[in-house]
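Chemist: Mind looking over this structure? Questions follow.
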Amino acid sequence: MIGLSRRARDGLTDLWLVGPASLALLVLIFVPVVAVAILSFTDYQFGARTFNFIGLENYKTLLTDPIGRRAITNTLLYVAIVIPFSMIFALLVAIGLHGMASWAAPLSRILRAAYFLPVAATLVAMAIAWQMLLHPSIGLVNTFLNAIGLPGQAWLSDRGLVLYTLAAIGIWQTIGYNMVLFLAGLAAIPGHLYEAAACDGADRQWERFWTVTWPMLGPTTLFVLVVTATNSFRVFETVATLTKGGPAFASDTLVYALYREGFVYFKAGYASAITIVFFVFVLVLTLTQFGLLERRVHYR
Amino acid sequence: MVDSRGRGTSIRIRECAKTFPDGTRALEPMSLEIHGGETVVFLGPSGCGKTTTLRIIAGLESPDSGGQVWFDDEDVTALPIEHRNVGMVFQSYALFPNMNVEENIAYGLKIRKFSRGEVSSRVEEMLDMMQIHELRHRTINQLSGGQRQRVALARAIAVQPKVLLLDEPLTALDALLRERLRVDIDRLLRDLGITAVYVTHDQAEAMSLGDRIVVMSHGRVAQVGTPRQIYFEPRDPFVADFIGTMNRLSGVVENGVLTARGGSVELDEHPDGPIEILFRPESATIGNTGNSMLQGRVSGVFFLGDRTRLIIEEAGEEPVIVETAGSREFETGQRVGVDIDRDAILVL
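From first to last, the protein sequence lines stand for chains A and B.
Each residue of the first sequence is one higher than the last, beginning at 11 in the working numbering.
Each residue of the second sequence is one higher than the last, beginning at 22 in the working numbering.
So this is what it looks like as C-alpha cells:
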C-alpha cells in the first residue's frame with residue numbers, strides 16, 4: 011500500500027468489507043426486483059420466446075378478477091387475525107413463563123421448549139399432523155367435539171371456516187417465536203423500575219404492567235409486530251399442503267396464487283404483478299409501523 | 022409540606038438477619054433503633070450487608086424468620102413495600118422512561134388517588150423544592166445524571182413518605198456533582214425533618230450527611246456512632262482503617278515506653294509487651310531529626326494545596342503518613358523527625 015494515505019487505506023478496507031455483500035444484494039435482490047417489476051407489465055409466459063408490454067393489464071386483472079381479489083382479501087383477513095392473536099397469546103405466555111422462572115425454573119424451561127417446538131419443526135411435517143387432527147370423521151378435534159355433545163366441523167373443506175382454521179394454525183406456529191422475543195424483552199427490564207413502581211404504591215399486577223412492563227416492552231413489541239406481519243403475509247406452506255387454496259379459492263392467498271400462476275400455469279407476467287402487489291403491501295406495512303411507532307416506543 | 026420536623030417516624034430493626042435462597046448469609050442478626058427525623062447512614066464496602074438492610078427496611082426483602090421491622094408502634098415486617106409508605110431513591114434512579122419529569126413525580130400521587138388539584142400543587146411544590154421547574158416537560162432521556170437524581174428525589178418525597186430511603190444515590194455521578202448534590206440532599210433532609218436511611222460506600226458522604234453512621238462489614242454492624250465518634254473513637258481496626266487514613270505503629274512497650282523501628286513513644290499506663298498503636302495523619306507533626314519521637318526518611322511528597330502529605334519510611338514497620346499544613350518544602354530521601362500527639366493515640 012505504497013503512496014496511499016491512511017485515510018485512503020481505511021476507505022479501501024471499508025469498501026473491501028462491505029463490497030461482496032453489497033454486490034450479492036444488488037445481483038440477487040435489486041436486479042430481480044427490477045426485472046420482476048418490468049415483467050409485471052408484460053404478458054410473458056415462462057418458456058415463451060416473445061412477450062408484449064400490456065401496461066397495467068395484469069394489475070387490473072388481479073384487482074378486478076374475483077379470484078385475484080379473493081387472494082388479496084383472504085391474505086388481509088388472515089394477517090388481521092394472526093397478528094393480534096399470536097402477539098397477545100405470546101405476550102401472556104411470556105409473562106407467565108418469566109414469572110414462573112423464579113419459582114419453578116425447570117417447569118418454565120420445559121414449557122418454553124414446548125412452545126418453541128412449532129417454530130423448530132418443519133411446517134410441512136406438522137401439516138400432516140394437523141390434517142389428521144382436523145380430519146372430519148376420524149380427527150381428534152371432531153372426536154372431542156362429539157364427545158362433549160358439539161357437532162364436528164369440516165375444518166378444511168368448509169368454505170366459511172377454512173381460512174380461520176389456517177389462521178389458527180398460523181397463530182399456533184407463531185406464538186413460540188414471538189414468546190422467545192418477548193421473554194428476551196422482559197428479561198431486559200430493570201428490576202428497579204418494578205421496585206420504584208411498588209414503592210410509589212402500585213400494588214396491583216395490572217398497575218405494574220401498564221407502568222413498567224408494557225412501556226418497556228415497546229421496542230420488542232414493535233419488532234414482534236413487524237416480524238409477525240411480514241411472516242403472516244407470506245403464508246404459503248399450510249395453504250399448499252392442507253388446502254391448495256380451496257375449496258373454491260376460499261383459502262387462496264397472495265403467495266399461493268403467485269405460486270399457482272407462476273409455477274403451475276407459467277404466467278410469469280401475472281405472477282410478477284402479484285409479487286409486486288405483495289411487495290408493496292409488506293413495504294407499506296413495515297414503513298407505517300416504523301414511521302408511526304418508532305418514535306413512540308424508544309423514548310428518545 | 023411534610024411538616025414533621027423532629028417528629029418523623031422512628032424505625033426499629035429487631036434481630037433482622039438475611040439468608041438468600043442459595044444459602045448466602047448477607048446479614049447477621051442485627052438490631053438498631055433509628056429515631057424519628059434522624060438521618061442514619063449505612064457505610065461499608067460492597068457486600069457488607071448495607072443495601073440488604075435498607076431493602077429490609079423498605080420491604081423489598083423480608084428478614085429471616087424472627088426478624089422484625091417496626092415503624093413507630095406498628096410492626097411492618099409483613100407489610101409489602103407498596104403499603105409501607107416509604108420513599109426510595111435508587112442508585113440507577115429507576116425513573117420511568119416513558120413519562121416526562123412531571124409525570125414521574127405525579128405517578129405515586131395518582132396511584133394513591135389524590136385529586137387532580139392536589140396532584141398538580143404537590144408537583145409544583147416538588148419542582149420548586151428541587152429547582153427543576155424548567156425540566157418539567159423533558160423526558161428522562163433528555164436529562165443529565167444530576168438532573169435525573171433530582172427528579173428521583175422529587176418523586177420519592179412527593180408522596181410524603183414516612184421514611185426516605187436512599188440507596189447509593191450519588192454513586193453514579195462525577196465528583197463535583199456529587200459534592201453539590203450532597204449539600205442539596207443535606208439541606209432537604211434538614212428541611213423536611215424526615216427520617217432518612219442513606220446507604221453509601223463513600224465515607225465523605227457518610228460523614229457529612231449522617232446524624233449517626235452505622236459502619237458495616239461482612240454482614241455485621243462494626244460500629245454505630247456519630248461521625249465524630251466513628252472518626253476519633255473507632256472501636257475496631259476495620260472501622261479505623263475504613264474511615265479516613267490511619268497509621269499503624271507496632272513495637273514493644275517496656276516501662277511505659279513504646280520502642281518502634283524509628284524511635285520511641287512514651288505511653289501512659291500500658292502494660293509491657295508487644296503493642297500496635299494507631300494515629301491519624303493530622304495527629305502527627307514533622308519535627309527536627311534530633312529530638313523527635315521517631316526518625317524516618319521521606320519517600321513520597323504530595324502537595325495538596327492547603328497541606329502537604331508525606332509518606333515516611335523507616336519510622337515504623339509500615340510507612341507512616343503525615344499531613345503538614347506549613348509551607349515548608351520536602352524532598353524524597355530527606356530525613357525527618359515525626360512527633361505524635363499523645364492524646365490522639367488509639368490502642369485497640
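No residue lacks a Cβ here, since even glycine has one placed at the ideal position from N, Cα and C.
Measuring only between beta-carbons, confirm whether B:Arg133 sits less than 8 Å from chain A.
Modeler: It does; some Cβ of chain A falls within 8 Å.
Chemist: Alpha carbon to alpha carbon, how far is B:Leu148 from B:Lys134? Give it in angstroms, no decimals.
Modeler: Between B:Lys134 and B:Leu148, the C-alpha separation is close to 20 Å.
Chemist: Hey, does B:Ile126 have any beta-carbon neighbour from chain A nearer than 8 Å?
Modeler: Output row for B:Ile126: interface = no.
Chemist: Check distances from the C-beta atoms of the segment 84-101 of chain B to those of chain A and list, in chain order, the residues that come in under 9 Å.
Modeler: Those residues of the segment 84-101 of chain B that come within reach of chain A (Cβ to Cβ, closer than 9 Å) are Pro101.
Chemist: At the level of alpha carbons, what is the spacing between A:Glu67 and A:Val134?
Modeler: Distance between the alpha carbons of A:Glu67 and A:Val134: 35 Å.
Chemist: Over what stretch of residues does the beta strand (DSSP E) that includes B:Phe253 continue unbroken?
Modeler: Counting along the chain, B:Phe253 falls outside any beta strand (DSSP E), though it belongs to the alpha helix (DSSP H) covering Pro248 to Phe253.
Chemist: Round the Cβ separation of B:Glu339 and B:Glu303 to the nearest angstrom and send it over; I've been treating them as touching at under 8 Å.
Modeler: The Cβ separation is near 18 Å, so there is no contact.
Chemist: Excluding five sequence neighbours on each side, which residues of the same chain lie with their C-beta closer than 7 Å to the C-beta of B:Arg33?
Modeler: Cβ within range, chain order: Glu54 and Trp91.
Chemist: Output the distance between the C-alpha atoms of A:Ser167 and A:Gly256, rounded to the nearest integer angstrom.
Modeler: So the two alpha carbons sit approximately 8 Å from each other.
Chemist: What are the residues in the segment 189-205 of chain A lying within 7 Å of chain B by C-beta distance?
Modeler: Of all residues in the segment 189-205 of chain A, Pro200, His202, Leu203 and Glu205 have a Cβ within less than 7 Å of some Cβ in chain B.
Chemist: Checking 8 Å against the spacing of the C-beta atoms, do B:Lys71 and B:Met237 come in under that value?
Modeler: Yes; because the gap between Cβ atoms is below 8 Å, this pair is in contact.
Chemist: What is the DSSP secondary structure of A:Thr240, reduced to helix, strand or coil?
Modeler: In this structure, A:Thr240 counts as helix in the three-state DSSP scheme.
Chemist: So, under 8 Å CB-CB, A:Phe243 and A:Ile185 are touching, yes? Tell me the CB distance rounded to an integer number of Å.
Modeler: 18 Å between Cβ atoms; not a contact.
Chemist: With a cut-off of 8 Å, does the C-beta of B:Asn268 fall near any C-beta of chain A?
Modeler: No, B:Asn268 does not count as interfacial toward chain A.
Chemist: Is the shortest distance between the beta-carbon of A:Pro225 and the beta-carbons of chain B less than 8 Å?
Modeler: Yes, A:Pro225 lies at the interface with chain B (some Cβ there is under 8 Å from its Cβ).
Chemist: Determine the extent of the beta strand (DSSP E) in which B:Gln89 is found, giving its start and end residues.
Modeler: Run containing B:Gln89: Gln89 to Phe92, per the beta strand (DSSP E) assignment.
Chemist: I'd like to know whether the C-beta atoms of B:Ala281 and B:Ile361 end up nearer to each other than 8 Å.
Modeler: Not a contact, by the Cβ cut-off of 8 Å.
Chemist: What are the complete beta strand (DSSP E) segments, minimum 3 residues, inside the segment 87-168 of chain B?
Modeler: Listed in chain order, the complete beta strand (DSSP E) runs (minimum 3 residues) inside the segment 87-168 of chain B are 89-92 and 107-110.
Chemist: Could you give the DSSP three-state label for A:Ala100: helix, strand or coil?
Modeler: Residue state, collapsed to three classes: helix.
Chemist: Would you kindly check if the distance between the Cβ of B:Leu270 and the Cβ of B:Leu367 is under 8 Å?
Modeler: No, the Cβ-Cβ distance between B:Leu367 and B:Leu270 is not below 8 Å.
Chemist: Look at the alpha carbon of A:Leu35 and the alpha carbon of A:Asn84, and state the distance between them as a whole number of angstroms.
Modeler: Their Cα atoms are separated by approximately 31 Å.
Chemist: So if I threshold CB-CB distances at 8 Å, which residues from the segment 188-210 of chain B count as touching chain A?
Modeler: So nothing in the stretch comes that close.
Chemist: Should the segment 72-84 of chain B be called in touch with the segment 42-59 of chain B, which here means at least 3 C-beta pairs below 8 Å?
Modeler: With a cut-off of 8 Å, the segment 42-59 of chain B and the segment 72-84 of chain B count as touching, because enough Cβ pairs lie within range.
Chemist: Quick check on DSSP: helix, strand or coil for A:Arg59?
Modeler: Coil.
Chemist: Quick test of the definition: if touching needs 3 or more C-beta pairs under 8 Å, does the segment 180-196 of chain A touch the segment 222-242 of chain A?
Modeler: Touching, yes.
Chemist: Just the Cα atoms here: how many angstroms apart are A:Val151 and A:Thr175?
Modeler: Distance between the alpha carbons of A:Val151 and A:Thr175: 12 Å.
Chemist: List, in order along the chain, the chain A residues whose C-beta lies closer than 9 Å to that of B:Val107?
Modeler: Residues of chain A passing the Cβ test: Cys209.
Chemist: Determine whether the beta carbon atoms of B:Gly265 and B:Ile307 lie at a separation below 8 Å.
Modeler: No, Cβ-Cβ distance for B:Gly265 and B:Ile307 is not below 8 Å.
Chemist: Given a threshold of 16 other Cβ atoms within 10 Å of its Cβ, counted over all protein chains shown, does B:Pro248 qualify as buried or as exposed?
Modeler: Per the 10 Å Cβ criterion, buried.
Chemist: If you reduce the DSSP assignment to three classes, tell me which class B:Ala305 lands in.
Modeler: Of the three classes helix, strand and coil, the one that applies to B:Ala305 here is strand, per DSSP.
Chemist: Measure the C-alpha to C-alpha separation of A:Trp26 and B:Glu155 and round it to an integer number of angstroms.
Modeler: Their backbone Cα atoms lie some 50 Å apart in a straight line.
Chemist: Please say whether A:Tyr266 and A:Ala177 have beta carbons closer to each other than 8 Å?
Modeler: No.
Chemist: Does A:Asp213 come within less than 8 Å of chain B when only Cβ atoms are used?
Modeler: Output row for A:Asp213: interface = yes.
Chemist: Distance, Cα to Cα, A:Thr263 vs A:Arg80?
Modeler: Approximately 8 Å, taken between the alpha carbons.
Chemist: Run through the DSSP bridge pairs and tell me what B:Ile296 is partnered with.
Modeler: Answer is B:Gly272, bridged to B:Ile296.
Chemist: Beta-carbon of A:Glu217 versus every beta-carbon of chain B: anything under 8 Å?
Modeler: Chain B, which has a Cβ nearer than 8 Å to the Cβ of A:Glu217, makes this yes.
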